[in-house]
Structure formats: structure tokens, C-alpha cells
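Trainee: If you're matching positions, the sequence shown starts at 1 in full-length UniProt numbering and goes up one per residue. A virtual CB, placed ideally from N, CA and C, is assigned to each residue, including glycine. This structure is a prediction, so every number in the text was calculated from the model and none was measured.
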Amino acid sequence: MSTEEEASKTLPSHAQMSKGGRPTVGGKAKGGGMFQRYRPASGGAARPVCYGLLAFLLLASVIALILYLVYRPSSPRFTVVGAAVYELKVNSSAAAATTVSTSMQFTLRVRNTNERSAVLYDRLSAYVVYRDQAITPATPLPPLYQEEDSTVAVSPVLGGGPVPASAEVVGGLASDQAYGVARMRLVMTGRVKYKAGPFRSAWYGLYVRCDLLMGLKKEMYGQVPLLGTLLCAVDA
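1. Given A236, which residues of its chain have a CB within under 6 Å of its CB, disregarding the five upstream and five downstream residues?
2. Report all residues from its chain with a CB closer than 7 Å to the CB of G180; omit the five preceding and five following residues, and keep chain order.
3. Indicate whether V100 and I63 have their beta-carbon atoms separated by less than 8 Å.
4. To the nearest angstrom, how far is it from the Cα of Q177 to the Cα of P225?
5. May I have the straight-line CA-CA distance separating P198 from R116, to the nearest angstrom?
6. If you draw a straight line from the C-alpha of R111 to the C-alpha of C210, how long is it?
7. Can you give me the C-alpha to C-alpha distance between P140 and R123, rounded to a whole angstrom?
8. Leaving out five residues before and five after G159 in sequence, what residues of the same chain have Cβ atoms less than 6 Å from its Cβ?
9. Here's the rule I'm using: 16 or more other beta-carbon atoms within 10 Å means buried, otherwise exposed. How should V49 be labelled?
10. DSSP three-state label for S101, please.
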């Protein structure tokens, strides 16, 4: 009996010789059958975590959108409801610089239309503009807190001293006093913050512009009539 025949008898029945003379199991070469290398499934454990994170972000986005739609604040409304002129003098002499001295009072109605948001006003100031030039210095106003769905009134007195003015402004005021009507602009600046339940917004810049037609006569002081639209433009 040859050596190969003796070796084949000593091998198990399910073992065979490979092409290179090495024994194999189940008729398969190394790397197949029960002797395969272990390879872990790629991404099997990370996939549920990613799905959970995406679901959480989607839910948070939906909640944030709902809260924004419910508590979304609208800008307050400013309306001029009264005006008074206590002084209005122009100095156009050649010996001195042209100036305007005026003292005016305006009553503004401030309406907060938000049913769920209060409004905080800060760093407020107001001044009067005529032909794109301020004829009163900016007057600081106290901070204001306005409750939800409420209306308040403010009545600042502006001016009180001479303000340098161009010849166009001085001449225009004199002409308007003779005509009986002057176009003025009341400007209020500051910042606002909205408070809705536990939520507070950041501070936003506030710019209020009220274009007015005022009845104006020389040497006639006190309450003056207001003409035209009294609703102010608000940027907040």
C-alpha cells in the first residue's frame, strides 16, 4: 500500500485533499465552510442612534414652529392724538446764526395688540423734524412696560432752546406760519423686547415716524389742529 493511500485512510470521511495537497473540511478550501473569518455588520449599531437623533430634531423643530406661531409678537401701534405748540420763533438776522426756538408737546397713543406678549421699551428718545432737519434736540423718555392687549398714552414735551437751522428751514417755517399749515415729523427711537410667558425675545431697535400736518399760526400758541393720517410708521 502506498503512502498516499495510508494517509487518506487516516483522514476523517468529510475531509478531502486540496489541490496543493493540504487537507480541507467539507470539500471546501481554507476560508470557506466552518472556518470563515468573522466580519461585524457595518453600521448596525449606529443606525438606530441616527434615526433617534433625526426624530428628536424633527420633533424639536415642530414644537419651535408651534410656539413661534402662538407667541409671535406684532409691532406696537403708535398714533398721534394731540399736539400743542407753546413756542416757535425763528432768528434769521444777518448778525447772528439762523436758529429755531420751539417748544411742542405731542400725545401719542401706544397700542399693544399682542394678546400673549407684553412689551418692554427702553432707551426711548423723541425729537421733531422739519424739512429733514431736527428743530428740537432729542429728549430722553423713561422706560415703559406695557401689558398684553393694552393701550397707554405718552405726552413728551420737546424743545425749549435755540437749535441751529439752515436758511431753508427758517424761511420755510416763516412761510408756513403765514399760510397756516406746517408739515412736521415726530420721531421716536429706542429699543423693545417682547415677553410671552416664560419666553423673552432679544432687544430690537425701535424707530417710529409720525408725519403730521399741523395747523400753525404766528403768535398763536396752545393746542393746534392735526390734519391727515395720524397713524405712525413703526419699524421694530
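Mentor: Well, looking at it:
1. On the sequence shown, residue 236 is found 236 positions in, with the first residue counted as 1. So the qualifying residues of the chain are S75, V192, Y204 and L206.
2. If you number the sequence shown from 1, residue 180 lands on position 180. Same-chain partners within the cutoff: G215, L216 and K217.
3. Within the sequence shown, residue 100 is the residue found at index 100, counting from 1. Within the sequence shown, residue 63 is the residue found at index 63, counting from 1. No. Outside cutoff.
4. Working through the sequence shown from its first residue, we reach residue 177 at position 177. Working through the sequence shown from its first residue, we reach residue 225 at position 225. Straight-line Cα distance between these residues: approximately 14 Å.
5. Taking the sequence shown and counting its residues from 1, the one referred to as residue 198 is at position 198. Taking the sequence shown and counting its residues from 1, the one referred to as residue 116 is at position 116. Between P198 and R116, the C-alpha separation is close to 11 Å.
6. As a working mapping, residue 111 is identified with position 111 in the sequence shown. As a working mapping, residue 210 is identified with position 210 in the sequence shown. So the alpha carbons of these two residues sit roughly 15 Å apart.
7. In the sequence shown, counting from the first residue as 1, residue 140 sits at position 140. In the sequence shown, counting from the first residue as 1, residue 123 sits at position 123. Looking at the two C-alpha atoms, the distance is approximately 7 Å.
8. One-based indexing of the sequence shown puts residue 159 at position 159. Taken in chain order, the residues that qualify are T102, S103, M104 and T136.
9. Indexing the sequence shown from 1 puts residue 49 at position 49. With fewer than 16 Cβ atoms within 10 Å of its Cβ, V49 is classed as exposed.
10. As a working note, residue 101 is residue 101 in the sequence shown. Correct three-state label for S101: strand.
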